[in-house]
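Comments concern the structure below.
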């Protein structure tokens, strides 16, 4: 005969094991994106600690994406490129990155993010961020991003308010996961960059849908 106490213990044990399984399953669903970071001549020239700055920008964007979408961005390497040539045009810089690093990666990265300080102004006309294409699951996610940085950035921790340059990076990473420009002036995916910090519902759903998709070959 089984008494109430053993039955209660069995039920509690089953619930505990079930909750652990749910937690492990959710934890395993976190997406890790391995990033190769490039700093161009202009980005490197204005800050001797540009490598730390680049890592901080990625870390700050990662704080946002991990909190909102359970996507973790990990800086795999930080390199100086181009080593000498200044490339003032972000479309041209993006084209050169794709040409130089277009073969399958050999050092274990998923995405290349290039930081530049060329052509900077507050409304980002000639120097606006660029992504190679809008990512989608059938063709693979986008693999190349160029982001102008308007001022020297110092990482302030996971709870700090995202600065303009971090929001520009968050916006462009949204394109990587399939988000598109919208007319909603409150969305971070509005065509004119500003200090918006939230995704609209449709683009949020797109990123959630694409968050585990493979990157383009």
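Numbering (my numbering), first residue to last: 1 to 217. Built from N, CA and C at the ideal position, the CB exists for glycine as well. These numbers come from a predicted model, not from an experiment.
For residue i, the first and last residue of its enclosing alpha helix (DSSP H)
i, result
"residue 148", "Where residue 148 is concerned, there is no enclosing alpha helix (DSSP H), although the beta strand (DSSP E) it sits in stretches over 144-148."
"residue 45", "41-45"
Span separating the alpha-carbon of residue i from that of residue j
i, j, result
"residue 168", "residue 103", "27 Å"
"residue 83", "residue 208", "37 Å"
"residue 72", "residue 130", "21 Å"
"residue 111", "residue 97", "11 Å"
"residue 162", "residue 66", "14 Å"
"residue 123", "residue 32", "The predicted position of residue 123 is uncertain, since its pLDDT is 46 and thus under 50; a value taken from the coordinates is nonetheless stated next. For residue 123 and residue 32, the distance between alpha carbons rounds to 31 Å."
Three-way DSSP call (helix, strand, coil) for residue i in this model
i, result
"residue 122", "With a pLDDT of only 46 at residue 122, under 50, the local geometry of the prediction cannot be trusted, and the value read off the model is given with reservation. Note: residue 122 maps to coil in three-state DSSP."
"residue 219", "With the chain running from 1 to 217 in the structure shown, residue 219 is simply not present."
"residue 206", "helix"
"residue 54", "helix"
"residue 164", "helix"
"residue 99", "helix"
"residue 80", "strand"
"residue 180", "coil"
"residue 34", "strand"
Within 8 Å, strictly: CB atoms of residue i and residue j
i, j, result
"residue 38", "residue 79", "yes"
"residue 188", "residue 172", "no"
"residue 107", "residue 36", "yes"
"residue 145", "residue 113", "yes"
"residue 90", "residue 119", "yes"
Cβ-Cβ separation, residue j to residue i (assumed contact under 8 Å), whole Å
i, j, result
"residue 157", "residue 203", "In fact, because the Cβ distance is near 27 Å, the residues do not count as touching under 8 Å."
"residue 57", "residue 153", "5 Å"
Enclosing beta strand (DSSP E) for residue i [first to last residue]
i, result
"residue 87", "Neither: residue 87 is in no beta strand (DSSP E) and is coded neither H nor E."
"residue 152", "Here residue 152 belongs to no beta strand (DSSP E), and DSSP marks it neither H nor E."
"residue 221", "In the structure as shown, the chain begins at 1 and stops at 217. Residue 221 is therefore absent and cannot be evaluated."
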